[in-house]
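In the working numbering, the protein residues as written are 21 to 82.
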């Protein structure tokens, strides 16, 4: 019995949401995760790109 794509994606979506929650809490507490190559930018959030089947992050200028 195989699971539907929605059932499989729900745990993954929840995992990405918890990662974003942790990133947000770190940012609020002043522990931003800065980009090594562009130190004036920090990670704002992580998102799944279904077209490339990759997790990607967006940065925000400090």
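C-beta atoms are modelled at their ideal positions from N, C-alpha and C, and glycine is treated no differently.
In the DSSP assignment, what are the bridge partners of residue 63? Residue numbering aside, residue 63 sits at position 43 when the chain shown is read from its first letter. Paired residue(s): 79.
Burial state of residue 62 (16 or more Cβ within 10 Å): What you label residue 62 is simply residue 42 of the chain shown in a count that begins at 1. Buried.
Name the residue from 53, 41, 69, 70 whose alpha carbon lies nearest to the alpha carbon of residue 81. The sequence position of residue 81 within the chain shown is 61, counting from 1. Among 53, 41, 69, 70, the Cα nearest to that of residue 81 belongs to 53.
Quick one: what's got a C-beta closer than 8 Å to residue 67's C-beta in the same chain, skipping five residues either side? Mapped onto the chain shown, residue 67 falls at position 47. Cβ within range, chain order: 36, 75, 76, 77, 78.
Those residues which DSSP pairs with residue 69 across a bridge: The residue you call residue 69 lines up with position 49 of the chain shown. Per DSSP, 74.
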